[in-house]
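The structure appears below as structure tokens.
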Amino acid sequence: KAKTRLIKYLHSAKGFSVLSWESNLLECILADRALRAGEPVSQGAARGIYTVWSGAEEVQPLFEYVRSTQAMVQPLEMIGFDCQSSGTMLDPLFEFLDRAYPGSLSRNDRTMLRALQEMTYAGTYAQQPARDRVPYQTLLERLIELTARPGPNAGERERMLMNRALQGLWDFQHAYSVSREVLRQRGEESNRRDIAMGGNLAWLAQTYYPDRKIIAWAASMHLARDVASLHAPGESRRLLAYRLPMGQVAHQQLGDEVYSIGVIAYSGAAGRVNRSARIPVQASADSLEALCHDTGHQYLFVDLKHTPENHWLRQEVIAGAFGYSALAGDWSRVFDAFIFIDEMHPATPVRKGPLKDEQ
9 KAKTRLIKYL HSAKGFSVLS WESNLLECIL ADRALRAGEP VSQGAARGIY
59 TVWSGAEEVQ PLFEYVRSTQ AMVQPLEMIG FDCQSSGTML DPLFEFLDRA
109 YPGSLSRNDR TMLRALQEMT YAGTYAQQPA RDRVPYQTLL ERLIELTARP
159 GPNAGERERM LMNRALQGLW DFQHAYSVSR EVLRQRGEES NRRDIAMGGN
209 LAWLAQTYYP DRKIIAWAAS MHLARDVASL HAPGESRRLL AYRLPMGQVA
259 HQQLGDEVYS IGVIAYSGAA GRVNRSARIP VQASADSLEA LCHDTGHQYL
309 FVDLKHTPEN HWLRQEVIAG AFGYSALAGD WSRVFDAFIF IDEMHPATPV
359 RKGPLKDEQ
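This is the structure in structure tokens:
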């Protein structure tokens, strides 16, 4: 709810006109089109936005708002920046290739791409011998090279988008060509995906929407940077030392054009709509959350970026921005601001029954 309020403000008062999600580049466009076409918001959003958000009751007003802006001079447009795919991106991709580059896809090519997506999403691609992955990689390389050149029946902007989507498929298979267990042991479990997401976000800002202001919605860990500077206990210290979040990748390419916001809470419980576990939230007495709680405000926006160099907020502070676990450090090196929520509540499912979880 707090993020929705912030997005409405950024669009209506600050000129932001693109809402990019931690969801697949093309699949999120399908969701955007569905909302424009008048589909029920929960159904339309689910076409391309991960269930963790599209399946949450608290996010539905945001989708309603996106739809309501279509009649405005500057509507709010949705797109994704993740390389992961549930498979629905393949239909618009095939349609484009058939139209723009006739004869470029054989029946076997289509079968291979669908099989690649299914294996990668299921986590079984990493179990394939390296030699068995080569044909898939060769096919992707050919299509990426093909769409790097103008096609007879495609506009330049559409061609760039589809070329980037194919690069996303390459990144997707690359990220999951190594098992999660191996990557976790190295402390690099999400780095391959984060590098791809950070690159996609920078591409959106520099190439696809060079004259527009973009909001990026993602998990706080993905939006962070320099997490290795935080002090963590035991195994968490090693994992943070090797972690390269997309926020850091984007910041390396975009510099101060990026303003990243993490979320912290003082009390309550957190929970996703697609997972049954509930995380208790109770900040320690010596934390930033406790100080925020003492102000008596239910919500606060705490700017870190524009504080003086010697400000106490730029020194070692305890906060729980990642899974509400307390970590100490100079958080201005990790985020530019915090949204503080005094009492957190679990997300409410839009519909009952089993929901597909994202990777």
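Just add 8 to wherever you are in the sequence shown, counting from 1, and you've got our numbering.
The beta carbon of each residue, even a glycine, is placed where N, CA and C say it ideally should be.
Predicted, not measured: the structure shown is a model, and the values here were computed from it.
If you draw a straight line from the Cα of F180 to the Cα of C91, it comes to about 5 angstroms. In this structure, G88 places its C-beta atom within 8 angstroms of the C-beta atom of C36. Counted as a single uninterrupted DSSP element, the stretch harbouring P100 is not any beta strand (DSSP E) but the alpha helix (DSSP H) occupying residues L98 to A108.
It is roughly 42 angstroms from the alpha-carbon of Y217 to the alpha-carbon of S292.
Taking the C-beta atoms as reference points, A277 is found no nearer than 8 angstroms to E297. S50 is not a Cβ neighbour of I223, given a cutoff of 8 angstroms. Between A258 and A249, the C-beta spacing is not below 8 angstroms.
For a cut-off of 8 angstroms, the C-beta gap from E30 to W225 is around 6 angstroms, short enough to register as a contact. Between the alpha carbons of T119 and A130 lies a distance of about 16 angstroms. For the pair K221 and S25, the CB atoms are nearer than the 8 angstroms cut-off.
A Cβ-Cβ separation of about 6 angstroms places D40 in contact with E85 under the 8 angstroms criterion. D140 is classed as exposed because its beta carbon has fewer than 16 other beta carbons within 10 Å across all chains shown.
In this chain, the beta strand (DSSP E) harbouring I87 covers E85 to D90. Around the C-beta of R200, 16 or more other C-beta atoms lie within 10 Å, and the residue is accordingly described as buried.
In the DSSP assignment, D311 is bridged to A345. In the structure shown, the three-state DSSP call for D350 is strand. In the assembly as shown, H319 is an exposed residue. Its beta-carbon has fewer than 16 other beta-carbons within 10 Å. If only uninterrupted beta strand (DSSP E) runs of at least 3 residues are considered, those enclosed by the region 231 to 315 are 269 to 278, 287 to 290 and 307 to 311. In the three-state DSSP reduction, A334 falls in the strand class (E or B). Here the C-alpha atom of K11 lies approximately 24 angstroms from the C-alpha atom of D219. Straight across, the Cα-Cα distance linking A156 with R150 is about 10 angstroms.
Straight-line spacing of the CA atoms in A54 and A42 works out to 10 angstroms.
The region 55 to 66 makes contact with the region 279 to 287, as at least three CB pairs between them are under 8 angstroms.
Around the C-beta of G270, 16 or more other C-beta atoms lie within 10 Å, and the residue is accordingly described as buried. Separation of the CB atoms of C300 and L312 is rounded to 13 angstroms, and the pair is thereby denied contact status at 8 angstroms. With respect to F348, I272 sits close: the two C-beta atoms are nearer than 8 angstroms.
Around the beta carbon of T356, fewer than 16 other beta carbons sit within 10 angstroms, so the residue counts as exposed. A check of alpha carbon separations from D302 across A285, E351 and W339 identifies E351 as the nearest. About 13 angstroms separates the CB atoms of G207 and H230; that is not less than 8 angstroms, and the two are not in contact.
Residue state for N161 is assigned as coil, using DSSP reduced to three classes. A direct Cα-to-Cα measurement between Q261 and L209 gives close to 10 angstroms. In the three-state reduction of the DSSP assignment, K221 falls in the strand class, which pools E and B. In this model, D234 and L174 are separated by some 29 angstroms (Cα to Cα). Taking C-beta atoms as the reference points, D294 and L252 fail to come closer than 8 angstroms. Under the three-state reduction of DSSP output, A53 falls in the helix class. The C-beta of A21 has fewer than 16 other C-beta atoms within 10 Å across all chains shown, which makes the residue exposed.
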